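Asks: Quick one: the structure is below, and I'll ask about it shortly.
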Amino acid sequence: MNPVRTITPARLFLRRFNRENRGAAAVEFALLALPFFGMLFAMLEATAVFFASVSLETGAAEAARLVRTGQVQLQGLTKEQIRTRICDAMFMGCDARMQLDVRRFDSFTNVDFTDPLTADGDLRTDLLFQPGAPGDIVLVRVFYVWNIATPMIGDAMSNMAGGQRLIVSSAAFRNEPFNNATLGGGK
């Protein structure tokens, strides 16, 4: 004897659901969209940080040239004036997030690349401006605090407190033997 099998509403629903495939593409897209867009925005963020780094290198090279050739010393340029010139060489907006540290040393062996971050992961506040005299060894460092905008990659890219990234550019050199005649100022 064959028992008659009754189809319950739940079983009928499952049977129809298994045959239906009109929304399959939408479901697949929903499953893949979040990781895809996450990776896309992460790549865009990494590209922006790279361009900011290159731009900061350009600005630091400009600042180093001004110090090395004696223009800063002979014209009496201030830290803020140098900062403005660096900002002019950069593609991104320049604000309080960009800091400058210029230190003179007696020899290249004494050059100290002090960690610019405190133990808490914040930028140090004891940055100096010592452009030096002719023949002095000078270290110019330019720091830019980048705010990471892409969620979830902040932990991977950040090296500061608050999910920020410190971008650093530096140049160490010996000042040229400049004098007033170097800049056309006579003897």
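Residue 122 in full-length UniProt numbering sits at position 122 of the sequence shown; the count goes up by one each step and never skips. All C-beta atoms, glycine included, are put in the ideal place defined by N, C-alpha and C. Please read all numbers here as calculations on a predicted model, not as lab measurements.
1) So who's on the other strand from MET98, going by DSSP bridges?
2) The beta strand (DSSP E) that contains ILE86, what's its start and end?
3) So is ARG19 buried or exposed if we call it buried at 16+ other beta carbons inside 10 Å?
4) Can you give me the start and stop residues for the beta strand (DSSP E) that GLN164 sits inside?
5) Quick one: is the Cβ of PRO151 within less than 7 Å of any heavy atom of the ligand HEM?
6) Throw me the rounded Cβ distance for the ALA52 and MET92 pair, which I believe falls under 8 Å.
7) Rounded to whole angstroms, what is the Cα-Cα separation between ALA172 and THR150?
8) Report the three-state DSSP secondary structure of VAL138 (helix, strand or coil).
9) Identify every residue that forms a DSSP beta bridge with LEU123.
Replies: In short, the structure shows the following:
1) TYR144
2) Segment 79-89 is the alpha helix (DSSP H) holding ILE86; no beta strand (DSSP E) there.
3) exposed
4) 164-174
5) For the structure depicted, the ligand HEM is absent and the ligand set is empty, with no information on it obtainable.
6) 6 Å
7) 34 Å
8) strand
9) LEU117
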